[in-house]
Each structure stands twice: as structure tokens, then as C-alpha cells.
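Enquirer:
Structure follows, in C-alpha cells:
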């Protein structure tokens, strides 16, 4: 009996081995198509295809399909009354009165629907000083829009439309993004219609570009052109990573250096504008400048990170806490301050009315200070 079981086991083993070799080397002999693996990440990369399925090329169509419906075109117009000197002539005013003919200045941009209630994120410079705003959805619907609030210091604005069954962009996590990740830029470049371009994240945390007061840009080589402003920068899953804002170009066209405001900043601005009508930021009343190698040498500083306090507002929170010009701010609540831009962002995130522990260096000695946080006045140059 044992002999028969041994023969049976050997036969099965040999048969399975032959089947495995044929399946690997000549699957067509078994009437099957070779399975293909789709390269990429997220929903766009579904994995192994089922046997007999048609081959699918590497694609980000699922990510684009998820994000595109929530990206809108924004058309603005502003009346330029008395645009021509002759319109000021009393002769014309006699016949036309207050209904003088006028020219209109029109512009276009993009926006992202982020709420079923009709809230749309876009750039401040897209809707700045607009008399009329019209939003055109990807499905062709149109609606007048009103400005809910703006934040010129980050170049963000929130507008609102009133329509039913609105597609909404899912917000991603920029904290999980890394240099080299694939991203898609969606907008309306040059007014040609909704367009998707692809690239990678070239850098994170870009600042000192002197574009906005608060800068923490995502840099990408995905093509961003005129009309893309306010549009979406999404990851390979179609989730929002940033609001396209600016490009570096001497010609006005994309040269592979574009900048987007991270979704973390956009979310904060959106929530503050909906809640307060404006963005409320922390403030301690100091002016600062970066530590350069030259300043470090002249002051005999042992370090080149931090922000030098160049001035202190009299009676402000910093002065009351004991800060003086010449101090170097090293950290805010344990978070390191690398430069002035870091300092601005860290202090702005503090809640007015609260208290923060900050570390300063004075004459090469560190000191801890508890600072009562004030409310930042809008459009001021000091922090």
C-alpha cells in the first residue's frame, strides 16, 4: 500500500512541476494571456490584471477623473468707468448722465470646489477687485459667485456659489508628500478649457520668494500657465495637495518652475474665513531679519540659524515678555526657527489670547520667555 501512495505522490509532484514550467514559459499553451502589472500608486495602479483581460497601460486617468469635476473656471470682470478721456466731456455727460459707456477688464482663473455648500478655494489675485464673478463647472453649469473672504497675505480667497449636487475635491495630506512624488496640475491655461498636466514635486517648503507674506510653497515642474491660478495640484490618487499660485518665468509661460500653496494652509484659511470672515493670526510685535554669514561674523555669533529681532513694538507682547532688539529667536513652543519665514509661520499659527514659550539667545546665552499672544493686524509688515 505504501508503494502505491509513493508512486501517486511522485506522479502528482512531477505533473505540478510541468504545469508550473508551462504556465511560466508558455502560458498561451494553456489558453491564457499574460497578466500585466500596472506601475504607479494609489487607485490609478489597480495591480494585477485578471487572466484574459485586455492590457492596460500605466495611467493616471482615475486620479484625473476623480479630481477634474471639482475644478472650475472663474471668469471675473471689472468696470473701467471713464476709461477714455473724452467720456469726461460735459457734452457726453449731458446725454448719458451716470450711464456713461464704459469698458470692462476681464480675466480668468481657476478654482476648486471643497464643500457641498458651494465653497470654492482660489487665488486672491484671481478675484481681486472684481465687480462680477462667474463660475463655470466642468459639467457646463454656470453660476454667479460672491466673495466670502480673502487673505492677501497667502494669496488665497474663498468664493461661494449656490448650486445643487456639486462635486467636491477630497483634501489630501501634504505632510505625507515627498520630493519626486507624481502630481497633476488641473486648471484652465490660456482659456483653452480644462486641462491636466503632469509632473513631480520638485521641492517642499519653498520660501523667501517674496511672492506672499506667508510662504511655504510646493514647487513642481507640472506645467502651470496663465489661467491655471487657483486650480488644483493633486496627487496620484486625485486628492488635493495645493492651490496653484505662481510660476517663475521671464516669458509668462511655464518653464518647469511652478508654485502651489499647500493644502494645509488652504484648509486653515478656508476654516478661518468661514468662521470669522477673515484669517485670524497670532502676533507678538517684532521685526526680524535672517542671520547671514556676514551678520554672524560681525556680531560674533556661533550659529547661523534663527531670526534676529531687529525691532520690538513698544507695549507689544514681545516687549512685555522681555525681548529686546538684537536677541535671536531660536524656537517657538519647541519648534525650531530656521529663518524669518519660519518665525512668521510659527507665530501666525498661534492662537490670539493664548500663551507661548519661546527661546531666545542673548549674548550667546539662551533664555526662555512666556509670551502672551496678540491678534495680528491685517496688512502689517512686522510680526
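In this note's numbering, the protein residues as written are -15 to 367. Backbone N, C-alpha and C fix where the C-beta goes; we use that ideal spot for every residue, glycine too. Bear in mind the structure is a predicted one, so any value in this text is a computation, not a measurement.
1) Just confirm the distance between the C-beta atoms of residue 380 and residue 185, as a whole number of angstroms; I'd bet it's less than 8 Å.
2) State the beta-bridge partners of residue 308 as determined by DSSP.
3) Report back the beta-carbon spacing between residue 301 and residue 355 to the nearest angstrom; my notes put them in contact at under 8 Å.
4) Quick check on DSSP: helix, strand or coil for residue 264?
5) Alpha carbons only, please: which of 178, 183, 176, 157 is nearest the one belonging to residue 166?
6) Rank 96, 223, 135, -6 by C-alpha distance to the C-alpha of residue 106 and give the top, closest one.
7) Count the other CB atoms, across all protein chains shown, that sit within 10 Å of the CB of residue -5; report buried if there are 16 or more and exposed otherwise.
8) On the premise that residue 47 lies in contact with residue 222, defined as a C-beta separation below 8 Å, what is that separation, rounded to the nearest angstrom?
9) Taking one C-beta from the region 265 to 280 and one from the region 146 to 165 each time, how about it: are there three or more such pairs within less than 8 Å?
10) Residue 330 lies in the alpha helix (DSSP H); which residues open and close that run?
11) Residue range of the beta strand (DSSP E) that residue 295 falls in?
12) Applying the criterion that 16 or more other CB atoms from any shown protein chain within 10 Å of the CB defines a buried residue, is residue 255 buried or exposed?
13) Is DSSP giving residue 201 helix, strand or coil here?
14) Going by DSSP, what residue range makes up the alpha helix (DSSP H) through residue 49?
15) Residue 108 and residue 140: beta carbons closer than 8 Å?
16) I'd like to know if the region 239 to 247 and the region 197 to 211 are in contact, where contact means that at least 3 CB-CB pairs between them fall below 8 Å.
17) Rounding to the nearest angstrom, what Cα-Cα distance links residue 361 and residue 45 in this structure?
18) Give me the Cα-Cα distance between residue 323 and residue 163, rounded to the nearest whole angstrom.
19) Fully enclosed by the region 89 to 114, which alpha helix (DSSP H) runs are 4 residues long or longer?
20) For residue 358, which of helix, strand or coil comes out of DSSP?
21) Excluding the five sequence neighbours on either side, which residues of its own chain have a C-beta within less than 6 Å of the C-beta of residue 319, listed in chain order?
Expert: Based on what the coordinates show:
1) No answer is possible for residue 380: it lies beyond the span of the chain, which begins at -15 and ends at 367.
2) None; residue 308 has no bridge partner.
3) 5 Å
4) In this structure, residue 264 counts as coil in the three-state DSSP scheme.
5) The candidate whose alpha carbon is nearest that of residue 166 is 183.
6) 96
7) exposed
8) In this structure residue 222 is in contact with residue 47, their Cβ atoms being roughly 4 Å apart against a cut-off of 8 Å.
9) The way I'd put it, the region 265 to 280 doesn't touch the region 146 to 165; fewer than three beta-carbon pairs between them come closer than 8 Å.
10) 324 to 332
11) 291 to 296
12) exposed
13) strand
14) 45 to 51
15) yes
16) yes
17) Rounded to the nearest angstrom, the gap between the Cα atoms of residue 361 and residue 45 is 45 Å.
18) 22 Å
19) 108 to 111
20) strand
21) 330
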